[in-house]
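Each remark here refers to the structure printed beneath this line.
2 protein chains.
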Amino acid sequence: MISNSSKYAVKAVLYLAVNSSEDHKILAKDISTPTNIPKAYLSKVLQELSRHNIVSSVRGPGGGFYLSKENIKTPLMKIIQVMDGDNRLTSCMLSLQECDAEHPCPMHDLVGNTKVNFVKNLEENTVGDLVKDIKAGKSFLPL
Amino acid sequence: MISNSSKYAVKAVLYLAVNSSEDHKILAKDISTPTNIPKAYLSKVLQELSRHNIVSSVRGPGGGFYLSKENIKTPLMKIIQVMDGDNRLTSCMLSLQECDAEHPCPMHDLVGNTKVNFVKNLEENTVGDLVKDIKAGKSFLPL
DNA sequence: AGATTAAAAGACATTTTTATCCTTTATATG
DNA sequence: CATATAAAGGATAAAAATGTCTTTTAATCT
Numbered sequence: 007m008i009s010n011s012s013k014y015a016v017k018a019v020l021y022l023a024v025n026s027s028e029d030h031k032i033l034a035k036d037i038s039t040p041t042n043i044p045k046a047y048l049s050k051v052l053q054e055l056s057r058h059n060i061v062s063s064v065r066g067p068g069g070g071f072y073l074s075k076e077n078i079k080t081p082l083m084k085i086i087q088v089m090d091g092d093n094r095l096t097s098c099m100l101s102l103q104e105c106d107a108e109h110p111c112p113m114h115d116l117v118g119n120t121k122v123n124f125v126k127n128l129e130e131n132t133v134g135d136l137v138k139d140i141k142a143g144k145s146f147l148p149l
Numbered sequence: 007m008i009s010n011s012s013k014y015a016v017k018a019v020l021y022l023a024v025n026s027s028e029d030h031k032i033l034a035k036d037i038s039t040p041t042n043i044p045k046a047y048l049s050k051v052l053q054e055l056s057r058h059n060i061v062s063s064v065r066g067p068g069g070g071f072y073l074s075k076e077n078i079k080t081p082l083m084k085i086i087q088v089m090d091g092d093n094r095l096t097s098c099m100l101s102l103q104e105c106d107a108e109h110p111c112p113m114h115d116l117v118g119n120t121k122v123n124f125v126k127n128l129e130e131n132t133v134g135d136l137v138k139d140i141k142a143g144k145s146f147l148p149l
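The listed protein sequences correspond, in order, to chains A and H.
Be aware that the first sequence starts at 7, since it is given in our numbering, and climbs by one per residue.
Be aware that the second sequence starts at 7, since it is given in our numbering, and climbs by one per residue.
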């Protein structure tokens with residue numbers, strides 16, 4: 007569905023959203039351990055996320071990763087786009103060029119609405135929205 | 007969403023469903039050309055599909071691939087399961103073990119219903135169902 | 001300034017996916 | 001039976017995804 011890298015990215019961002027702040031930054035290794043994401047690979051993921059302003063980072067002593075107020079407003083879709091590219095979720099199920107509602111491929115209607123809803127949800131919901139659910143006990147990040 | 011191999015598989019099966027029959031078998035290379043699937047790779051895909059009774063094949067002169075009456079009843083989900091395994095579409099968005107309706111991960115509800123519907127559609131619809139749509143002009147396989 | 005800390009960056013290794021090529025086996029036909 | 005045909009099977013190659021390691025850069029603190 008989405009790549010491992012995307013899963014790692016979402017997990018790490020949510021972990022930061024729940025546990026970090028501008029004055030409580032978290033080291034890569036301290037995200038790696040509770041999330042079970044290999045440290046070196048996670049570092050690469052965080053680096054990429056940082057480059058796209060999805061997470062914030064500071065080097066040196068007292069440094070680490072955290073989410074700014076801006077970062078928290080990131081739509082989930084952006085995380086997936088950065089890690090997996092634009093096409094993985096949105097492209098035609100058979101990778102045909104001319105596939106749309108008027109000229110659907112054989113799988114289009116089968117998947118069409120549900121996929122569109124899915125992507126819409128990812129675009130409309132931000133990191134902050136998910137954190138609200140976690141804090142309200144509506145969903146769980148087992149760490 | 008689904009792998010390239012799955013896309014190739016669905017395309018090839020639909021091509022056979024529309025163009026072949028037990029007394030009009032089609033060679034791998036004659037599927038490869040119109041579908042733009044690399045011949046050698048397609049052969050591997052067809053081999054795998056044949057092994058799982060999703061397509062039928064006969065060797066030697068006059069041989070080739072075709073779909074039997076039974077083959078046409080194959081649910082689309084089976085094709086994807088054979089090529090991509092069981093988990094790609096159905097597993098938790100964050101690959102967490104304990105993620106279900108009662109104990110949802112943060113992305114579960116965001117995607118949950120739409121994903122369940124999607125998989126249900128793939129399970130309920132067969133190759134033959136898609137062919138009906140194609141023949142009725144409701145969808146298009148551009149070949 | 002020098003030492004230490006931690007992310008950024010680059011190089012490299014492994015695994016999986018995608019793709020190609022060559023040999024073998026089954027089938028049909030002269 | 002010999003030959004040609006076409007899928008099955010096996011070996012190999014290239015590309016992408018995943019994972020690791022080392023060096024460099026930026027920041028902090030004596």
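For glycine and all other residues, C-beta sits at the position ideal for the given N, C-alpha and C.
Please read these numbers as outputs of a predicted model, since none were measured by experiment.
- Of the residues assessed, H/Leu-149 falls on the exposed side of the cut-off, its CB having fewer than 16 other CB atoms within 10 angstroms.
- Within chain A, the residues placing a beta-carbon under 8 Å from that of H/Asn-127 are Leu-116, Val-117, Thr-120, ordered along the chain.
- H/Phe-146 and A/Pro-110 have their C-alpha atoms spaced approximately 6 Å apart.
- Within the DSSP secondary-structure output, A/Val-64 pairs in a beta bridge with A/Gly-70.
- Chain H has no Cβ within less than 8 Å of the Cβ of A/Glu-108.
- Here the alpha carbons of A/Asn-119 and A/Lys-126 stand approximately 10 Å from one another.
- DSSP places A/His-30 in the strand class (E or B) of the three-state scheme.
- As summarised for the segment 68 to 121 of chain A, the continuous beta strand (DSSP E) elements at least 3 residues long and confined to that stretch are 70 to 72, given in chain order.
- Contact with chain H is absent for A/Pro-40, since none of that chain's Cβ atoms lies less than 8 Å from the residue's Cβ.
- Nearest neighbour of A/Ser-26 by Cα position, chosen from A/Ser-56, A/Lys-45, A/Phe-71, A/Pro-67, turns out to be A/Phe-71.
- Rounded to the nearest angstrom, the gap between the Cα atoms of H/Val-24 and H/Leu-95 is 27 Å.
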